[in-house]
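**Student:** I have a structure here, written as C-alpha coordinates, and I will follow up with some questions on it.
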Amino acid sequence: MKDRSKQIFSIIISIALILGGFYGLSLIAPPHGENHRNPIFGALVGLILIGIYQNYVHSDWIYNARLLLNAVAFALGMMLWAIPEVINSGVGAHLFRILMLNTLVGFLFGLFIGIYQFFTNLYRKKRTPFQGNQEPLVSSSAHVIYSGGTVSDKGRAILLSDRLIFLSPDSKTQTVFFREIKEIEIARTAGFPNKLILILEGAESMALSISMPNYWKNRIKSLSLSI
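Residue numbers (the numbering used here): 4 to 230.
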(Lines of atoms letter the chains of each structure in order from A and count residues from 1; the text may use other names and numbers.)
(Lines give C-alpha, C1' and ligand atoms only; values in the text may rest on other atoms or scores of the structure.)
Protein backbone atom coordinates (compact mmCIF):
# COMPACT_ATOMS: atom_id res chain seq x y z
CA MET A 1 0.00 0.00 0.00
CA LYS A 2 1.38 3.42 -0.99
CA ASP A 3 2.02 6.17 1.55
CA ARG A 4 -0.92 8.30 0.36
CA SER A 5 -3.23 5.28 0.43
CA LYS A 6 -2.11 4.47 3.98
CA GLN A 7 -2.94 8.00 5.08
CA ILE A 8 -6.42 7.92 3.52
CA PHE A 9 -7.06 4.46 4.95
CA SER A 10 -6.05 5.67 8.43
CA ILE A 11 -8.47 8.62 8.20
CA ILE A 12 -11.33 6.36 7.08
CA ILE A 13 -10.68 3.90 9.91
CA SER A 14 -10.59 6.72 12.49
CA ILE A 15 -13.90 8.17 11.30
CA ALA A 16 -15.49 4.71 11.18
CA LEU A 17 -14.37 3.98 14.76
CA ILE A 18 -15.78 7.28 16.04
CA LEU A 19 -19.14 6.85 14.34
CA GLY A 20 -19.27 3.15 15.20
CA GLY A 21 -18.57 3.93 18.83
CA PHE A 22 -21.43 6.41 19.02
CA TYR A 23 -23.78 3.99 17.30
CA GLY A 24 -22.83 1.31 19.83
CA LEU A 25 -23.60 3.72 22.66
CA SER A 26 -26.96 4.53 21.09
CA LEU A 27 -27.88 0.82 21.23
CA ILE A 28 -27.14 0.78 24.96
CA ALA A 29 -28.85 4.05 25.88
CA PRO A 30 -30.82 5.51 22.95
CA PRO A 31 -32.65 8.80 23.55
CA HIS A 32 -36.13 7.34 23.12
CA GLY A 33 -35.58 3.60 22.94
CA GLU A 34 -35.63 3.44 19.16
CA ASN A 35 -33.84 6.42 17.57
CA HIS A 36 -30.19 5.58 16.91
CA ARG A 37 -29.39 8.53 14.69
CA ASN A 38 -28.83 11.02 17.51
CA PRO A 39 -25.35 9.81 18.64
CA ILE A 40 -24.06 9.61 15.08
CA PHE A 41 -25.21 13.06 14.00
CA GLY A 42 -24.37 14.46 17.43
CA ALA A 43 -20.80 13.25 16.88
CA LEU A 44 -20.71 15.05 13.53
CA VAL A 45 -21.90 18.28 15.18
CA GLY A 46 -19.15 17.82 17.77
CA LEU A 47 -16.55 17.40 15.04
CA ILE A 48 -17.79 20.62 13.40
CA LEU A 49 -17.48 22.48 16.71
CA ILE A 50 -13.94 21.14 17.13
CA GLY A 51 -13.04 22.31 13.63
CA ILE A 52 -14.45 25.79 14.31
CA TYR A 53 -12.63 26.47 17.56
CA GLN A 54 -9.36 24.95 16.39
CA ASN A 55 -9.50 27.01 13.20
CA TYR A 56 -10.28 30.40 14.75
CA VAL A 57 -9.02 30.29 18.36
CA HIS A 58 -5.24 30.23 18.72
CA SER A 59 -4.41 31.07 22.33
CA ASP A 60 -1.89 29.03 24.31
CA TRP A 61 -4.36 27.80 26.91
CA ILE A 62 -6.79 26.65 24.21
CA TYR A 63 -4.01 24.64 22.57
CA ASN A 64 -2.88 23.11 25.85
CA ALA A 65 -6.45 22.22 26.85
CA ARG A 66 -7.53 21.00 23.41
CA LEU A 67 -8.02 17.34 24.43
CA LEU A 68 -10.44 18.31 27.19
CA LEU A 69 -12.13 20.93 24.97
CA ASN A 70 -12.69 18.26 22.32
CA ALA A 71 -14.65 16.26 24.91
CA VAL A 72 -16.72 19.36 25.70
CA ALA A 73 -17.37 19.85 21.97
CA PHE A 74 -18.64 16.28 21.61
CA ALA A 75 -20.88 16.82 24.65
CA LEU A 76 -22.33 20.02 23.15
CA GLY A 77 -22.78 18.33 19.79
CA MET A 78 -24.76 15.51 21.36
CA MET A 79 -26.90 17.95 23.35
CA LEU A 80 -27.59 20.32 20.45
CA TRP A 81 -28.61 17.52 18.11
CA ALA A 82 -30.73 15.83 20.79
CA ILE A 83 -32.96 18.89 21.35
CA PRO A 84 -34.98 18.69 18.08
CA GLU A 85 -34.81 14.87 18.18
CA VAL A 86 -36.47 14.54 21.58
CA ILE A 87 -38.99 17.33 20.87
CA ASN A 88 -40.07 15.65 17.63
CA SER A 89 -40.35 12.34 19.49
CA GLY A 90 -42.81 13.82 21.96
CA VAL A 91 -40.80 13.22 25.13
CA GLY A 92 -40.94 16.78 26.50
CA ALA A 93 -41.54 15.56 30.06
CA HIS A 94 -38.17 13.84 30.07
CA LEU A 95 -36.34 16.49 28.04
CA PHE A 96 -33.86 17.50 30.75
CA ARG A 97 -32.96 13.92 31.67
CA ILE A 98 -32.46 12.91 28.04
CA LEU A 99 -30.37 16.00 27.27
CA MET A 100 -28.16 15.35 30.29
CA LEU A 101 -27.77 11.70 29.29
CA ASN A 102 -26.74 12.64 25.76
CA THR A 103 -24.38 15.33 27.04
CA LEU A 104 -22.74 12.89 29.45
CA VAL A 105 -22.37 10.21 26.78
CA GLY A 106 -20.77 12.70 24.39
CA PHE A 107 -18.39 14.01 27.04
CA LEU A 108 -17.31 10.55 28.18
CA PHE A 109 -16.69 9.44 24.61
CA GLY A 110 -14.70 12.60 23.87
CA LEU A 111 -12.80 12.12 27.13
CA PHE A 112 -11.95 8.55 26.14
CA ILE A 113 -10.53 9.81 22.83
CA GLY A 114 -8.62 12.56 24.67
CA ILE A 115 -7.09 10.08 27.12
CA TYR A 116 -6.05 7.85 24.22
CA GLN A 117 -4.41 10.82 22.44
CA PHE A 118 -2.72 11.92 25.68
CA PHE A 119 -1.02 8.57 26.19
CA THR A 120 -0.19 8.38 22.48
CA ASN A 121 1.59 11.74 22.74
CA LEU A 122 3.33 10.60 25.92
CA TYR A 123 4.50 7.41 24.22
CA ARG A 124 5.91 9.32 21.25
CA LYS A 125 7.61 11.78 23.59
CA LYS A 126 9.40 8.91 25.33
CA ARG A 127 10.43 7.41 21.98
CA THR A 128 11.73 10.74 20.67
CA PRO A 129 13.57 12.48 23.52
CA PHE A 130 14.83 15.99 22.81
CA GLN A 131 18.46 16.57 23.79
CA GLY A 132 18.79 20.26 22.89
CA ASN A 133 19.74 23.11 25.20
CA GLN A 134 16.54 25.09 24.65
CA GLU A 135 13.25 24.27 26.34
CA PRO A 136 10.59 23.36 23.72
CA LEU A 137 7.89 26.00 23.45
CA VAL A 138 5.36 23.67 21.82
CA SER A 139 5.43 19.94 21.22
CA SER A 140 2.99 17.58 19.54
CA SER A 141 2.70 14.24 17.79
CA ALA A 142 3.06 14.62 14.04
CA HIS A 143 4.25 13.11 10.81
CA VAL A 144 5.76 14.70 7.71
CA ILE A 145 4.38 14.60 4.17
CA TYR A 146 7.05 15.56 1.64
CA SER A 147 6.54 17.28 -1.70
CA GLY A 148 7.01 13.97 -3.50
CA GLY A 149 4.06 12.47 -1.62
CA THR A 150 6.05 10.21 0.70
CA VAL A 151 5.05 10.11 4.37
CA SER A 152 7.45 9.83 7.29
CA ASP A 153 7.09 7.58 10.29
CA LYS A 154 5.00 8.99 13.11
CA GLY A 155 7.07 11.18 15.37
CA ARG A 156 7.03 14.49 17.20
CA ALA A 157 7.24 18.14 16.17
CA ILE A 158 9.01 20.58 18.49
CA LEU A 159 8.96 24.36 18.26
CA LEU A 160 11.94 26.31 19.56
CA SER A 161 12.59 30.05 19.55
CA ASP A 162 14.25 30.00 16.11
CA ARG A 163 13.48 26.65 14.48
CA LEU A 164 11.08 23.77 14.08
CA ILE A 165 12.34 20.23 14.67
CA PHE A 166 10.79 16.92 13.66
CA LEU A 167 11.92 13.87 15.61
CA SER A 168 11.23 10.31 14.54
CA PRO A 169 12.41 7.10 16.21
CA ASP A 170 13.25 5.55 12.83
CA SER A 171 14.70 8.41 10.81
CA LYS A 172 17.12 11.31 11.02
CA THR A 173 16.16 14.45 12.94
CA GLN A 174 14.97 17.23 10.63
CA THR A 175 15.46 20.90 11.45
CA VAL A 176 13.90 23.88 9.71
CA PHE A 177 15.12 27.34 10.74
CA PHE A 178 12.60 30.14 10.52
CA ARG A 179 14.87 32.06 8.14
CA GLU A 180 14.51 29.20 5.63
CA ILE A 181 10.71 29.48 5.56
CA LYS A 182 9.38 31.60 2.70
CA GLU A 183 5.68 31.04 3.32
CA ILE A 184 3.35 29.07 5.59
CA GLU A 185 0.08 27.60 4.36
CA ILE A 186 -2.67 25.53 5.94
CA ALA A 187 -4.13 22.46 4.23
CA ARG A 188 -7.63 21.24 5.01
CA THR A 189 -9.51 17.98 4.67
CA ALA A 190 -13.30 18.35 4.36
CA GLY A 191 -12.90 21.92 5.61
CA PHE A 192 -10.93 20.96 8.72
CA PRO A 193 -7.35 22.31 9.06
CA ASN A 194 -4.97 19.39 9.58
CA LYS A 195 -1.64 20.20 7.91
CA LEU A 196 1.00 22.88 8.32
CA ILE A 197 2.75 23.43 4.97
CA LEU A 198 6.16 25.08 5.05
CA ILE A 199 7.32 26.57 1.73
CA LEU A 200 11.11 26.55 1.92
CA GLU A 201 13.98 27.96 -0.12
CA GLY A 202 14.55 26.34 -3.48
CA ALA A 203 10.82 25.71 -4.07
CA GLU A 204 10.87 22.82 -1.61
CA SER A 205 8.00 22.17 0.76
CA MET A 206 7.32 20.10 3.84
CA ALA A 207 3.86 19.43 5.27
CA LEU A 208 3.35 18.51 8.90
CA SER A 209 0.19 16.62 9.78
CA ILE A 210 -0.39 18.10 13.21
CA SER A 211 -3.07 19.21 15.64
CA MET A 212 -4.23 22.85 15.35
CA PRO A 213 -1.89 23.90 12.49
CA ASN A 214 -3.21 27.48 12.60
CA TYR A 215 -1.87 27.79 16.13
CA TRP A 216 1.56 26.59 15.00
CA LYS A 217 1.48 29.02 12.08
CA ASN A 218 0.78 31.98 14.37
CA ARG A 219 3.47 30.94 16.84
CA ILE A 220 6.10 30.57 14.09
CA LYS A 221 5.21 33.95 12.62
CA SER A 222 5.36 35.71 16.00
CA LEU A 223 8.66 34.05 16.87
CA SER A 224 10.11 34.94 13.46
CA LEU A 225 9.38 38.62 14.08
CA SER A 226 11.24 38.54 17.38
CA ILE A 227 14.46 37.13 15.92
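Backbone N, C-alpha and C define an ideal beta-carbon position, used for all residues, glycine too.
#1: Drop a sphere of 10 angstroms on the beta-carbon of Ile46, count the other beta-carbons inside from all chains shown, and report buried for 16 or more, exposed for fewer.
#2: Below 8 Å, how does it come out for the stretch 46-59 and the stretch 203-213: are there three or more Cβ pairs, yes or no?
#3: Taking C-alpha atoms, which residue in Ile184, Phe195 and Gly194 lies nearest to Leu228?
#4: Roughly how far, in whole angstroms, is the beta-carbon of Leu72 from the beta-carbon of Ala85, given that I think they are within contact range, below 8 Å?
#5: How do the stretch 61-80 and the stretch 112-120 stand: do at least 3 beta-carbon pairs fall below 8 Å, yes or no?
#6: From the DSSP output, which residues share a beta bridge with Val141?
#7: Quick one, which of Leu199, Lys157 and Leu163 has its alpha-carbon nearest Phe180's?
#8: Within a Cβ cutoff of 7 Å, which residues of the same chain sit near Phe133, ignoring the five residues on either side of it in sequence?
#9: Just grab the DSSP bridge partners of Phe195 for me.
#10: Starting from Phe180 and walking both ways along the beta strand (DSSP E), at which residues does that stretch end?
#11: Hey, out of Glu188, Lys157, Glu186 and Ala190, whose CA is closest to Lys175's CA?
#12: In this structure, does DSSP put Glu207 in helix, strand or coil?
**Tutor:** Taking the structure as given:
#1: The sequence given here places Ala at residue 46; Ile does not occur at that position. Under a 10 Å Cβ-count criterion, Ala46 is classified as buried, with 16 or more other Cβ atoms of the shown protein chains found around its own Cβ.
#2: no
#3: Ile184
#4: About 20 Å separates the two Cβ atoms, so there is no contact after all.
#5: yes
#6: Bridge partners of Val141: Leu162.
#7: Leu163
#8: By the criterion of a C-beta distance shorter than 7 Å, Phe133 is surrounded in its chain by Pro139, Ile161 and Leu170, once the five residues flanking it on both sides are discounted.
#9: Thr192
#10: Annotation for Phe180: the continuous beta strand (DSSP E) segment containing it runs Gln177 to Phe180.
#11: For the residues Glu188, Lys157, Glu186 and Ala190, the minimum Cα distance to Lys175 belongs to Lys157.
#12: coil
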